[in-house]
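Residue numbers (my numbering), protein chains in the order written: chain A, 2 to 366; chain B, 2 to 366; chain C, 2 to 366; chain D, 2 to 366. Every residue gets a Cβ at the ideal spot worked out from N, C-alpha and C, and that includes glycine. These numbers come from a predicted model, not from an experiment. Structure record follows, encoded as structure tokens.
This is the structure:
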């Protein structure tokens, strides 16, 4: 399954940047889950370009649920969401047909698809397709929340400006992100936006690190080897364009610690086994330990910039110079937060359904 | 498939640290691949504890291939390798039955398996089980090499001592690792071993970062979303105990760059499209671009240390102190290199078989 | 993947009888395959109710391809087909909400989906959803035909009237079915339609046996155990509503033969190894042997009849009598032929892609 | 996964007829299930050749469980069973190397594996490998029985002699098969064995139809389309060598009935919804309806016979005559019963684990 993910709950992604509609099929859902169209619309609005860090492309993100929902609740049959594409300016892309935009998928798609790829706007590789993940994720996030499981993502650093990390008990932080205009926890939104604006003014782009937390996940979810919680999340997260690194807990910093510093001692708190510290990010041996699952994702700078770059014309087989003149995001770190939250919801719900059965999400705690 | 990985070529892992035999089944192999038992033995010898950084446990790693090979070549039927466990000292572990070793899987296994887990030596979670990955990987590495694809892993940093990274064209570096007693590229083996020995003398352990390169992989392998080359590798790599982070190319460092710096310009070299620089680690849009695939893996310090730690006794439900007195590795970074190389071979071979058909590996170039 | 099938080429099915649109996603296709909308429309027209054996429901089967096709050819990205539902009369079904129609899925859906199922017109269980299989199948059948592989299905028997079986070399027979108004090979269409009409006049329904042939499949496709050609086809065929039996070659009749009669001797014909007779239906040991793959599918009578039947009201928990007064098919054997041909194309194309690589279908022979 | 089956609970099969050991890995089991070695040995003894219908090959079927069991119970880690091959007479096969035995997999294996297959005794295609299914099935059957689910298979007909079908409530019949020397329900063992002996005396072989029942399966298990209970069982059953047809309930006979006769009316019995009659074999819309699941499997005559047959020498590329002079079964219908029961247990347990969670089997009802 190349464009599908999951085992018990699965998500299939289809559509292109400049095609008529995106399509996402969410299968294996418990019956009886509430489907709140306002919640989906709200999550899509968060993903939508807006403000100083994003592209000028203005999407409307109307959507239609055409299967799997009856009288406001999931039926258990596959749920299909269609999201029409609007404000498509293919002409922006016709001009540089054949040009391999550096660090984009134009060249690899050209090889893999033998020249038959839809090159307009990145085709199926476009970040536009993540709207489907966000819409499907919204349904899962509501269901998970009803079972006490919350997921949120904020910008930990961008363009040299740092946010504070999630608190040890991240529930309040996660809830605060739902209402935030800009997904940071501390008081750094202004500085970040300014730093991004400076890059845009230079015709350039910036990257960043975003941090995701899952709170309320029971201990015992995940598998020792090839279905590890880290591995399942990482595979999902690397599916998102621009991601080049994932680390759990203290991650790469652990490499520089000694064991006595890196280990999280087990303690008993109110009769429950917890850890002192969470340098392992809530996961031991690939399995959740009941502490918040916390991971960081490295997001590279948007490859599309307006500064001239060296590249090749794949059709002519010549080297050339390229400077993008259309609309693009100087940073995707703001928008990627809601996407990572959505895809993390899919992995979480799938593993819970595998562990506890397909109806678990629908049960009242 | 919880303990299996792959789609066209699959690996299934079974066995425990203190059980009689490990078992690995490699399925979907092309028929006619040479199976060189000396090559398998050599790779297993590399993984085997030895020298100053490793545990004092001395394993012999005899192995038997009991299916899938006939007259020295793969038959196309599933290939089974059995590796008996020797030098097992279960008594070391009986003493602390019920103790949740910090940052180990004892507690999560206890929750997941409801107290029925084989707790001796970490059971199925033990690094011992990676011997199966190494043995299977050896067969795949030989087959890949016959098609011009080389894979190697070295210690990029450990206990504060750094190695040089892979050269831009890593073939020579990869080949040098085959003969290396200690898997580093530069002149740092002595310093690293000393630093590890210092930690051991303190009853402590250290972690590190290891770097893997795949050279010779054709462009066009991988999928845009949920079968991305990064995601497939990451899922495989996170299956290995102690891994807490994975980054491709410049990885987390990309988050601090601007696009003009992070992008790899496309160039033409000898009629072939290449990139200037490889900050994307040979992957664009989840698909190989023909440059070496390079990724770093963060390895946490071995959780087992002899210094006393706070933890809980899961059977008594009480807090307690724990200091390990058995044999253990003060660092697994040396031994994990050969394991990462092996599991990367599995992912690489599987994606090639999916893309080009099951017989591709067996064809003479 | 509950509503998806395939490994390298996959089909995902969504939508309900009385929902706004059906959705089918076909993923893993080779790039560059021609997509002929007239061919899809033609196959859909064959499936559409018409003539004396089918329901009076008149569907238009307009369809839109909203992804995966660019300038008339597949791009390699997932291909989405949307088929709007028209002529939906939900009121027919409102009247008997809660009534478990005998031998339908109403009761099992009610248990599985805990009362949240869309009960109108059978919901996701409706034969209506097979339009998606037919549309996707049309694309695959064209691609397979370009590689010399033909697939066709005819009614072998219905309501006591028998057709002749496929000829030993079935190409001509398969091609004749493309133009046939009624999918039979011999001169029995009139008698069959009369027999069906007689059942309809009695307020009753009939079943039948349909026979499928795959011609031109190379030897060597399929797996010894759990990916056997028989098993993969059978799983696909049993997904179609009303199917209760599948047999390959002489099938159940083999049970009454002796080995000397049942075995197909190997012979050499024009330098090629063939079999004398095809009682094994082109498959030995789960793997194609180069002869035509031939199988029969048992289709039960349409469960919906207008004669009164005993059943239960699931909401009231009482026994009751039920007689359907809406539109329905007195036999689905005619319409199921095109559906079986479509789903067989999916299995065939998937196994070929797994064996020979994802681009095999797109290569010019 | 070519030689693996299942989603939540999976079985991987490896080994060859003339190799040193068979290997079966059963993964995804609930922890805490009792593993009764006597029960496994008993099931293996049932499969073992014995009496007048079977081959003269005498296997001992010693087995070793080398992982996944600790102190007599499953740990939740993959469970490996090794079964050494004894009494192997490869010389029987050396004599006809290159000869494609009619209706065997010799020719298809030769094409698929390009001449590298282990041809001795059918290699991985040998019925010998089913010992692994039987051993793994024994563990699952015990676990299912503890939840009130019973599975059994008997010979419905063989060589022209018929047994009576399962009773409408098949529990007693299933239990009677556990102790039966010959797996029939009625008084036909003598006549069947005589008919088989007659075929053997003629140097020939016979086939038959075997019938399997699952009793106690809850309603609501299975999926509407590609995970249908019929399809999942059929795929599993067709994995067994010699199977050429599968039908559920009245199966092919339904094709000749009218709907009013074929439908199973729903009734209420003791507050529970049941059906009057079970012509649908306990499945509606791919999902269990709470009645016994009943299916018939067509088994072709053993292809190996001692009468001379026409065939080809694949190495010489010539036609030739072949008469087998080694040991073989004149009928496999007796031995296949226990294998079908075992593989049905795997499918049943897997679907239950997917539906109700991985621990369901371990819970005390």
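Check                                                                                                                        : Outcome
Partners in chain C for residue 357 (chain B), counting only beta-carbon separations shorter than 9 Å                        : 357, 358, 359 and 360
Residue range of the beta strand (DSSP E) that includes residue 212 (chain D)                                                : 209 to 216
Between the CA atoms of residue 144 (chain B) and residue 34 (chain B) - distance to the nearest angstrom                    : 7 Å
beta-carbon residue 110 (chain A) near the ligand FAD non-hydrogen atom, thresh 7 Å                                          : No copy of the ligand FAD occurs in the structure displayed, which carries no ligand at all.
Residue 206 (chain C) at chain B interface by Cβ criterion, 8 Å                                                              : no
Residue from A:136, A:204, A:213 and A:202 with nearest C-alpha to residue 174 (chain A)                                     : A:213
Contact list for residue 8 (chain A) against chain D, beta-carbon separation under 9 Å                                       : 8, 9 and 355
C-alpha distance - residue 16 (chain D) paired with residue 224 (chain C), whole-angstrom precision                          : 15 Å
Pairwise C-alpha distance: residue 205 (chain A) and residue 260 (chain A)                                                   : 41 Å
Alpha-carbon to alpha-carbon, residue 69 (chain D) and residue 306 (chain B)                                                 : 27 Å
Minimum Cβ-Cβ distance from residue 235 (chain C) to chain D less than 8 Å                                                   : yes
CB contact below 8 Å: residue 166 (chain C) versus chain A                                                                   : no
Simplified DSSP state of residue 30 (chain B), which is helix, strand or coil                                                : coil
Distance CB(residue 134 (chain D))-CB(residue 344 (chain D)) smaller than 8 Å                                                : yes
Own chain residues within Cβ distance below 7 Å of residue 235 (chain D), not counting five before or after                  : 247
Beta-carbon neighbours of residue 269 (chain B), restricted to chain A and to distances below 8 Å                            : 313, 318, 319 and 320
Residues sharing a beta bridge with residue 155 (chain B), DSSP                                                              : B:212
Per-residue burial, residue 98 (chain C) [other beta carbons within 10 Å of its own, 16 or more giving buried]               : exposed
Simplified DSSP assignment, three categories, for residue 370 (chain A)                                                      : It is not possible to answer for residue 370 (chain A), since the shown part of chain A is limited to 2 through 366.
Own chain, CB closer than 6 Å to residue 168 (chain B), minus 5 neighbours either side, in chain order                       : 174
Residue interval of the beta strand (DSSP E) (run including residue 12 (chain C))                                            : 11 to 15
Residue 7 (chain B) in three-state terms, based on DSSP                                                                      : coil
Distance CB(residue 24 (chain B))-CB(residue 338 (chain D)) smaller than 8 Å                                                 : no
Whole-angstrom distance between residue 292 (chain B) and residue 216 (chain B), CA atom to CA atom                          : 7 Å
Three-way DSSP call (helix, strand, coil) for residue 289 (chain B) in this model                                            : strand
Residue 236 (chain C), enclosing alpha helix (DSSP H) - first and last residue                                               : 230 to 239
Three-state class that DSSP yields for residue 338 (chain C) in the structure shown                                          : helix
Contacts of residue 101 (chain B) in chain D (Cβ-Cβ under 9 Å)                                                               : Going along chain D, no residue has its Cβ under 9 Å from residue 101 (chain B), so there is no contact; the nearest lies around 17 Å.
Of the listed residues D:21, D:313, D:44 and D:280, nearest to residue 295 (chain D) (C-alpha basis)                         : D:280
Where residue 48 (chain B) falls, given that 16 or more other Cβ within 10 Å makes a residue buried                          : buried
Under 7 Å by beta carbon: chain D residues contacting residue 85 (chain C)                                                   : Correct list: empty, because the minimum Cβ distance to chain D is about 20 Å.
Cβ of residue 279 (chain C) within 8 Å of any chain D Cβ                                                                     : no
Segment contact flag, the region 261 to 272 of chain A with the region 187 to 205 of chain A, C-beta cutoff 8 Å, min 3 pairs : no
C-beta contact flag for residue 303 (chain D) and residue 333 (chain D) at 8 Å                                               : yes
Whole-Å CB distance - residue 110 (chain B) paired with residue 124 (chain B), under 8 Å assumed                             : 7 Å
Nearest-angstrom Cα separation, counted from residue 253 (chain C) out to residue 61 (chain A)                               : 59 Å
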